[in-house]
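Per this note's numbering, numbering of the sequence shown is gapless, rising by one per residue and ending at 215. What follows is a set of notes on a single structure, which appears directly below.
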Amino acid sequence: MAAVLRFALSRRIEGDARPILITATRAWLSEYGRPYGPGLPGLSLILAPVNTAVEALWALEQALRSGAVSLALGAVDAATLTQTRRLDFAAKQGGCVGLVLPRGLDGLSAARRRWRISTLASAVDPDDARAPGALRLTAELVRGRGERPGAWMLEQDDETHRLRLADRLAGDGLAAISHAGAPSGLAA
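Next comes the structure, spelled out in structure tokens:
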């Protein structure tokens, strides 16, 4: 889930100073833990714990519609097509990026993109071979409106605090997926 959250945070539009909202049920937060705000340099984080998935969807929709956040993340399982369509409209209205973080990619959704994120072994630290290097993950675009599916190996850039293509792939002409954030809308 840490890799999923890291990828989700990278979808924020670069340079947007509005805060980030994360809403999740208390059960989800006790299972996966709470994000550590000071560990996210330069980001303002709003954590909205709720009791039910319905409350999480409501908080997510209100945040997206208001335009007060740059990115709204909702840990919601089994959102219906109607609920995700409402979130997509709210994200467009507020000029925000919304992401639903389900445990699986089952069911219908109005999400513009569906991603499958998995962790990889970290890169080798250039200064100490025994130390862990940059965080690495694989981002697989399973479905995207008007986009070809594909998979990318990404790693954390410690200077910019964003994800970038892993060094060994950077010269292969593969398109970067994290350089400019995401347009407003909903993704899962």
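Where is the CB? At the ideal position from N, CA and C, for every residue including glycine. What you are looking at is a predicted structure, and each value in this text was computed from that prediction instead of being measured.
- In the three-state scheme derived from DSSP, where H, G and I count as helix and E and B as strand, S145 is classed as strand.
- Going by DSSP, R53 is part of the alpha helix (DSSP H) stretching over 53-59.
- Where R163 is concerned, there is no enclosing alpha helix (DSSP H), although the beta strand (DSSP E) around it starts and stops at 163-171.
- With fewer than 16 other Cβ atoms from the protein chains shown falling within 10 Å of its own Cβ, V151 counts as exposed.
- For A102, the secondary structure class from DSSP, reduced to helix, strand or coil, is strand.
- Looking at the DSSP output, R189 sits in a beta bridge with D184.
- The continuous beta strand (DSSP E) containing L74 extends over residues 72-77.
- Contact check for L56 and A99: beta-carbon distance about 16 Å, past the 8 Å limit, so the pair fails to qualify.
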